[in-house]
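Let me begin by presenting the structure, written as structure tokens, before commenting on it.
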Amino acid sequence: MSVTNEELLQKKCLPCEGGVDACSLQEAKSQSSAIPQWVLSPEGKWIERSLGLKNFVEMMACVNQIADLAEAEGHHPDLHLTGYRNLRIELTTHAIGGLSENDFILAAKIDQILKKEGY
């Protein structure tokens, strides 16, 4: 069952210590429809989004906003900085070795920040 972006934005990430199943590939594909800027890995284990920002200062400002959001949500992305302005954001739930609803919630909220800030 797919969800909308608006539904994801209304949710809060829940602590995940394991003990739950990761999303199936079909579930991940369905959830991904709400966050079209993100790419689902072929096996459905993670989602990622890449950005090319104007310069290093803008990239770091973006990273700091994502970090603040991640702390507030209690769910943290892997951030890959390359060059002086390229950012790749990767989301997965490490405790379960795959995707959970938290990943899609955080992706939607990251998208909201990126849109608001014009990144």
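Under numbering that gives the first Met the number 0, the first residue of the sequence shown is numbered 0, with each subsequent residue one higher. Cβ coordinates follow ideal geometry from the N, Cα and C atoms, glycine included.
For residue i, three-class secondary structure by DSSP
i: L13; result: coil
Chain-order list of residues whose beta-carbon lies under 7 Å from that of residue i (same chain, five-residue window excluded)
i: F55; result: Y83 and R84
Beta-carbon contacts of residue i that lie in its chain and below 6 Å, excluding the five residues immediately before and after
i: G97; result: A21 and K44
Cβ-based neighbour list, residue i, same chain, cut-off 8 Å, excluding 5 preceding and 5 following
i: P76; result: I65, A69, I88, E89, L90, L105 and I109
i: E42; result: L24
Q. Residue ranges of each beta strand (DSSP E) run of no fewer than 3 residues wholly in the stretch 21-97, ordered along the chain?
A. Those beta strand (DSSP E) runs which fall completely within the stretch 21-97 and span 3+ residues are 46-51, 77-81 and 85-90.
Q. Using 8 Å as the Cβ pair cut-off and three pairs as the minimum, do the stretch 91-111 and the stretch 3-23 touch?
A. Yes, the stretch 91-111 is in contact with the stretch 3-23.
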